[in-house]
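Numbering (this note's numbering), first residue to last: 18 to 143.
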């Protein structure tokens, strides 16, 4: 019985280490993509639209700070995200619940961050 308990204990810690390595490596990959601006406007607007959709579906008031670099220009208007990085422009539609109001807003990423905010039934970026 002692041997099998030790084996199960070691399997648990081995699986825990594997999960931590996967999470940490995906974090490093995402961080390097954002930091080095290896991201095009299509991927950026799709990711931002997905994040806005997730935030709008939440029942909590939320304020997110996202590291994006300094070379972007983002607009939200007519329930769409317009992202411009250097000379590329891409538009992606935002999917969100009917009771949420997506405020028209703009972020120039001058600080290197985009802030996504949700208060009540309104969602916007700064």
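Just so it is clear, CB atoms sit at the ideal spot from N, CA and C, and this is done for glycine as well.
Quick caveat, the model's predicted, so the values are computed rather than measured.
Bridge partners of residue 142 according to DSSP: 133.
In this structure, the CA atom of residue 118 is about 38 Å from the CA atom of residue 37.
The region 70–82 and the region 24–41 do not touch, with fewer than three beta-carbon pairs separated by less than 8 Å.
For a cut-off of 8 Å, the C-beta gap from residue 65 to residue 100 is around 7 Å, short enough to register as a contact. Membership of residue 94 in the beta strand (DSSP E) is indicated by the continuous run 90–94. Per DSSP, the unbroken alpha helix (DSSP H) holding residue 74 starts and ends at 58–74. The beta carbon of residue 114 sits closer than 7 Å to those of 73 and 74, all from its chain and outside the five residues before and after it, given in chain order. Around the beta carbon of residue 98, 16 or more other beta carbons sit within 10 angstroms, so the residue counts as buried. Counting along the chain, residue 108 sits inside the beta strand (DSSP E) bounded by residues 105–110. Inclusion of residue 82 and residue 132 in the CB contact set at 7 Å is warranted, their separation being smaller than that value. Looking at the DSSP output, residue 34 shares a beta bridge with no other residue. With a contact defined as Cβ atoms closer than 8 Å, residue 71 and residue 109 miss out at about 14 Å.
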